[in-house]
RNA sequence: GUGCCCGUAGCUCAGUUGGAUAGAGCUUUUGAUUCCGAGUCAAACGGCCGCAGGUUCGAAUCCUGUCGGGCACACCA
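Residue numbers (my numbering): 853 to 1414.
What follows is the structure, encoded as structure tokens:
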């Protein structure tokens, strides 16, 4: 649970703050209060390891030239017992800090000491977080958009666990409501058609091949038993049968994709256990509703939403919105999650403000509901955009994707870009040129390290004990840059968790792998002087650990041989 | 019409939440292995950060406007 970067930044912040206080007391700087001190790591190496712009920020308030303020701060900086080696002032007023290499050597000690746990930070404090994603309709197979949601959701969950949250992953099964009714009617039509009965799939129903298959399989089991049954009974039998099959299929497809849910939550269950009625009653009792044309409306406009929302239709059936409000009430009120994260496709964007409004109406803090809107995936095949329509049954499914490009490549790909970017998945590229996929670049780095260590072990050279290593041997630029990157891993987890953006980890591990390859080409591990070899073995092994931790978070295998 | 996302090298995208000379990968060109895994590395080429204003010491980043692409605005989910 140590974040070296955070420790150093706080050290520098404190030193600067004390220095400024001293300057204020001494009258050399005249300001009322000290603003937040920001420490950054400069792009240019000549600018040191860390830098602060505080002098420029203070310039106006203090009515002094920034360069002069920087000089004053530098003069009374207290640097004992820190990693700071030297301080320089640069135009127009930056204060640049150069560190002793000890901070890097201590980083290696930490990586070795923590192993699988290196990178873990505690910003979550064990807070109970629920993350809900995919939640695809169980009326057909999952499509490629669901795959993106799955990869992002699953990886974000792991990031949050690393960041100290108590995470529960959930899939909301829409097994009730209008779509299911249409699903049942579509199945019924296909079933009756098998007996030569002139039945039509309803307007807006499901016309995919999978519906026909369900009907045929159903017929194989039950024959004509349901042909002359009451239609409600017939539809229910067909729906129950097909839903079970579909959900089973989704679970096994997700298993192959490496996504595992802690809870599969049934929408129907909300009707059965009274949560829906309780929610409607709560809204009614608290005066948040009115009736219009026999429908029950929620006064969403009182919460800043542009229009009111229907809770119960004229036909007496609650809307999807009502179900979702009851569902979220269940998350917060019944199951007591501190924080809830939903990952939705951009086509659900319009749903966000009314959900937030309903949380407020329930007396809950809308800020505890975080909604990640994921831009839709466009599928490119033969250089053309292919449209996906689940109802027409012609979509490229999640299962197809895993079969064609593999779990590792698919998960890596989806996590290369943040959720809010439009994403084009070029199948031809991913399939035909899968060897060029960056996932191999990272996995290769891992396998390469394992290869080196394997060979050394065969020659009797094992990873040395930390106490026996003289880290000051490590001073080549490629070594320093690599260790620096390792030092940033916990900070990367922290940033990734705070911004709810798992793609940072993918970008990080790519850069880490690149730095390793650079190191490999300029420095040797085998065949160099003993002390240097020992310290490089630690460096290489530490790199292996961090790459592996990243790949674990991403849900991607870390092969020892390729 | 209203709201949201995107616009950065020929292509795909980063850009540490306002910092110093805007970076990778692919493509093209050139080079590197008697030695730990060449699925690798090094270098070169490549830019009006969509456009126009504004905010300030400082803008790809924030604000306003504008153009282009995508998505959403149901008694659907």
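Beta carbons are placed, not taken as given, at the ideal position from N, Cα and C, and that holds for glycine.
Beta-bridge pairing by DSSP links residue 1144 to 1147.
The continuous alpha helix (DSSP H) containing residue 1307 extends over residues 1290-1310. Around the beta carbon of residue 1142, fewer than 16 other beta carbons lie within 10 angstroms, which makes this residue exposed. In this structure residue 918 is buried. Its beta-carbon is surrounded by 16 or more other beta-carbon atoms within 10 angstroms.
Shortest Cα-Cα distance from residue 980 to any of 1020, 956, 1199 and 1001 involves 1020. Taking 4 residues as the shortest admissible run, the segment 1170-1245 contains the following complete alpha helix (DSSP H) segments, listed from N- to C-terminal end: 1172-1181 and 1203-1213. A distance below 6 Å between beta-carbons, with the five flanking residues on each side excluded, links residue 911 to the following residues of its chain, in chain order: 918.
For residue 871, the closest C-alpha among the options 928, 920 and 954 is that of 928. When the beta-carbon positions are compared, residue 993 and residue 1095 stay at least 9 Å from each other. Counting the other CB atoms within 10 Å of its CB gives residue 1176 a total of 16 or more, which places it among the buried residues. DSSP, reduced to helix, strand and coil, places residue 891 within a strand of the structure shown. When C-alpha distances from residue 976 are compared across 943, 1179, 1017 and 988, the shortest belongs to 1017. Here residue 981 carries a strand assignment [DSSP, helix/strand/coil].
If you look at residue 914, you'll find it in the alpha helix (DSSP H) that goes 906-914.
In this structure the segment 952-962 does not touch the segment 879-896; the number of beta carbon pairs closer than 8 Å is below three.
According to the DSSP secondary-structure assignment, residue 1020 is paired through a beta bridge with 982.
Within the segment 1045-1108, no run of beta strand (DSSP E) at least 3 residues long lies entirely inside it. In this model, residue 1411 and residue 1304 are separated by some 14 Å (Cα to Cα). Going by beta carbons, residue 866 and residue 900 fall outside the 9 Å limit. Taking all protein chains shown into account, residue 1210 has 16 or more neighbouring C-beta atoms within 10 Å of its C-beta and is therefore buried.
Per DSSP, residue 1015 lies in no beta strand (DSSP E) segment and is marked neither H nor E. For residue 1102, the number of other beta carbons within 10 angstroms of its own is at least 16, and it is reported as buried. Note on residue 1318: under 16 other CB atoms within 10 angstroms of its CB, so exposed under the neighbour-count rule.
At a cut-off of 4 residues, the continuous stretches assigned as alpha helix (DSSP H) that sit fully inside the segment 1303-1370 are 1329-1339 and 1341-1350. Its Cα nearest to that of residue 1008, the residue 1355 stands out among 1374, 1382, 1359 and 1355. Comparing alpha-carbon positions, the option among 1122, 1261 and 1029 lying closest to residue 1358 turns out to be 1261. The C-beta separation of residue 926 from residue 941 comes to about 6 Å, placing the pair in contact by the 8 Å criterion. If you look at residue 1401, you'll find it in the alpha helix (DSSP H) that goes 1382-1406. Secondary structure at residue 1119: helix, using DSSP grouped into helix, strand and coil. The beta carbon of residue 963 sits closer than 7 Å to those of 970, 1338, 1394, 1397 and 1398, all from its chain and outside the five residues before and after it, given in chain order. For residue 1274, the three-state secondary structure derived from DSSP is coil.
The beta carbon of residue 1024 sits closer than 8 Å to the beta carbons of 984, 987, 1117, 1119 and 1179 from its chain, once the five residues preceding and following it are set aside; these are given in chain order. Annotated three-state conformation of residue 937 is strand, per DSSP.
With contacts defined as CB atoms closer than 9 Å, residue 1298 and residue 1231 fail to qualify as a contacting pair. By the C-beta criterion, the segment 1073-1089 is judged to be in contact with the segment 1026-1041, since at least 3 inter-stretch pairs fall below 8 Å.
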